[in-house]
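Numbering (this note's numbering), first residue to last: 1 to 476.
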Ligand code: AMP
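Okay, structure coming up:
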């Protein structure tokens with residue numbers, strides 16, 4: 001069985017999506033924004049940015065790298081103002097570029113604004129071509145810049161009456177298709193926006209006398225904010241300095257498509273997503289998996305960190321001990337120096353090592369959240385056997401990943417996804433496990449505790465509720 005596995009570097013695999021943050025009426029907003037981005041680092045590690053304003057000019061700082069490296073004390077001191085928006089960006093393969101770092105700022109004569117975006121638009125190319133025909137000049141390859149131009153061009157005056165900015169945003173977003181959770185900052189206000197399908201999360205919290213919006217509630221915990229509610233799908237929420245709020249719901253539709261993969265892998269376990277604690281959902285996924293795919297064994301081990309909550313749920317459901325049979329090096333950066341001579345399985349070994357003492361002679365159930373190309377589990381099976389495991393049974397706490405995401409998660413192309421072209425039996429043989437078991441689609445939603453209709457599970461089902469980009473390539 002031949003698999004294309006060399007497109008993405010081993011340590012890069014495929015990347016996580018983005019994080020957005022927004023704050024208003026918060027003294028030293030930049031510091032709180034920085035801390036929030038720190039809590040949301042898991043959603044993107046390519047680069048980060050913060051734009052602040054105190055009602056005057058917008059001050060921006062964007063740089064490639066991790067949040068802690070991008071912002072120094074001096075930089076944060078320069079980012080003055082009681083309003084801020086921030087962004088963590090992931091690397092889309094081929095577009096690792098400073099120009100694509102967010103937030104973007106539209107410096108206009110009047111009504112300057114800035115935008116931070118999580119998600120992916122599926123008609124960005126089409127909209128961009130139209131805007132370029134009309135004279136717009138683009139400085140990046142990011143689909144977010146399309147939003148910037150659409151908002152900037154949205155009519156300011158209708159029948160000699162000034163159109164409120166919230167309505168201009170609504171008009172601008174009407175032709176936009178795809179996933180977007182946005183933090184937008186004008187001179188006076190902060191806007192929190194979710195696309196009509198509500199694909200990516202976005203939550204609202206109270207922070208002192210002001211407000212905060214963030215991709216995940218784990219950011220609220222770090223800065224001491226209190227969760228208020230999720231921004232609704234299709235909602236544009238305007239928050240003013242004085243705390244007054246206006247909600248525009250003209251974009252709202254009936255169909256919802258929250259990304260189920262946020263529960264499976266992306267969100268941090270301590271976040272509350274759509275009213276659900278992600279850790280609890282993952283434990284349920286593991287317990288359900290144990291019900292569906294039990295096997296005789298001596299112990300359960302997680303693939304850290306992504307498989308830990310599901311392994312806990314699996315072990316307690318099946319009544320076996322849970323052991324840490326794989327130890328993770330938490331200091332593995334995005335790049336490391338490859339040794340000159342080739343070391344077998346180097347890529348995985350640098351991150352995970354088998355804890356041989358507890359594995360020798362044992363029948364092991366290994367639990368992970370998902371299989372993408374199958375390279376990690378193949379190497380882990382070999383590593384566990386080399387460490388003395390008698391049997392290795394792989395259990396996956398989600399259904400087979402059979403298709404790419406066009407709504408904000410950077411996945412390898414479909415032909416690189418092992419489950420797209422191979423049966424479970426073939427995958428089991430490829431990874432060299434004694435048995436392999438995936439969670440069923442029904443089981444996944446049972447564990448989530450919500451109706452499937454409200455979600456997007458295109459990566460597992462190939463059902464793209466919003467369609468796919470025309471050329472089937474990801475909008476960058
Ligand atoms: P693979 O070796 O390609 O099969 O990758 C499987 C591993 O990738 C599992 O341990 C997952 O936790 C992890 N994973 C799943 N989705 C993603 C993603 N979008 N970005 C990075 N890692 C992921």
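The beta-carbon is built from N, C-alpha and C at its ideal position, and this holds for glycine as well. Treat the numbers as computed from the prediction; the structure is a model and nothing was measured.
| Asked | Found |
| --- | --- |
| Selection from 157, 447, 133, 37 that minimises the alpha carbon distance to residue 146 | 133 |
| Residue 34 beta carbon less than 8 Å from that of residue 23 | no |
| Alpha helix (DSSP H) runs wholly inside the segment 309-397, at least 4 long, in chain order | 346-349, 356-359, 375-386 |
| Spatially closest choice to residue 21 from 36, 389, 28, by CA coordinates | 36 |
| Segment contact, 8 Å Cβ cut-off, at least three pairs: the segment 146-161 with the segment 371-391 | no |
| Cβ-heavy atom distance, residue 260 to the ligand AMP, below 7 Å | no |
| Segment limits, alpha helix (DSSP H) that includes residue 442 | 441-448 |
| For residue 54, three-class secondary structure by DSSP | coil |
| Sheet register partners of residue 83 (DSSP bridge) | 53 |
| Expected contact under 8 Å - CB spacing of residue 275 and residue 196 to nearest Å | That pair is no contact at about 19 Å. |
| CA-to-CA distance, residue 199 to residue 233, given in whole angstroms | 8 Å |
| Among 400, 63, 298, 422, nearest to residue 363 - alpha-carbon criterion | 298 |
| Straight-line Cα distance separating residue 213 from residue 26 | 12 Å |
| Backbone CA spacing between residue 101 and residue 48 [nearest angstrom] | 7 Å |
| Exposure of residue 108, with buried meaning 16 or more beta-carbon neighbours within 10 Å | exposed |
| Heavy atom of the ligand AMP within 7 Å of residue 265 beta-carbon | yes |
| Neighbourhood of residue 257 by C-beta, 6 Å cutoff - its chain only, sequence neighbours within 5 removed | 197, 199, 456, 465 |
| Any non-hydrogen atom of the ligand AMP closer than 7 Å to residue 89 Cβ | no |
| Spatial distance of residue 301 from residue 449 (CA atoms) | 25 Å |
| Helix, strand or coil at residue 189 [DSSP, three-state] | strand |
| For residue 190 and residue 165, the rounded distance between their alpha carbons | 11 Å |
| Same chain only: Cβ atoms within 7 Å of residue 351, ignoring 5 sequence neighbours per side | 328, 329, 332 |
| beta-carbon residue 377 near the ligand AMP non-hydrogen atom, thresh 7 Å | yes |
| Any non-hydrogen atom of the ligand AMP closer than 7 Å to residue 371 Cβ | yes |
| Coarse secondary structure for residue 93, derived from DSSP in three states | Low local confidence applies: a pLDDT of 43 at residue 93 is under 50, so the model's placement there is unreliable, and no value is given. |
| At least 3 beta-carbon pairs within less than 8 Å: the segment 378-386 vs the segment 409-417 | no |
| Reduced DSSP category for residue 149 - H, G, I as helix; E, B as strand; rest coil | helix |
| Per DSSP, cross-strand counterpart(s) of residue 60 | 51 |
| Cutoff 8 Å: residue 137 Cβ touching any chain C Cβ | Of the chains in the structure shown, none is chain C; there is only one protein chain. |
| Spatial distance of residue 417 from residue 425 (CA atoms) | 15 Å |
| Coarse secondary structure for residue 137, derived from DSSP in three states | coil |
| Near the ligand AMP: residue 217 beta-carbon under 7 Å from a heavy atom | no |
| Which of helix, strand or coil DSSP assigns to residue 437 | strand |
| Same chain, Cβ closer than 6 Å to residue 315, neighbours up to 5 away in sequence not counted | 300, 322 |
| N-terminal and C-terminal residue of the alpha helix (DSSP H) that residue 215 is part of | Premise fails: residue 215 is in no alpha helix (DSSP H) and is neither H nor E. |
| Own chain residues within Cβ distance below 6 Å of residue 172, not counting five before or after | 150, 151, 154 |
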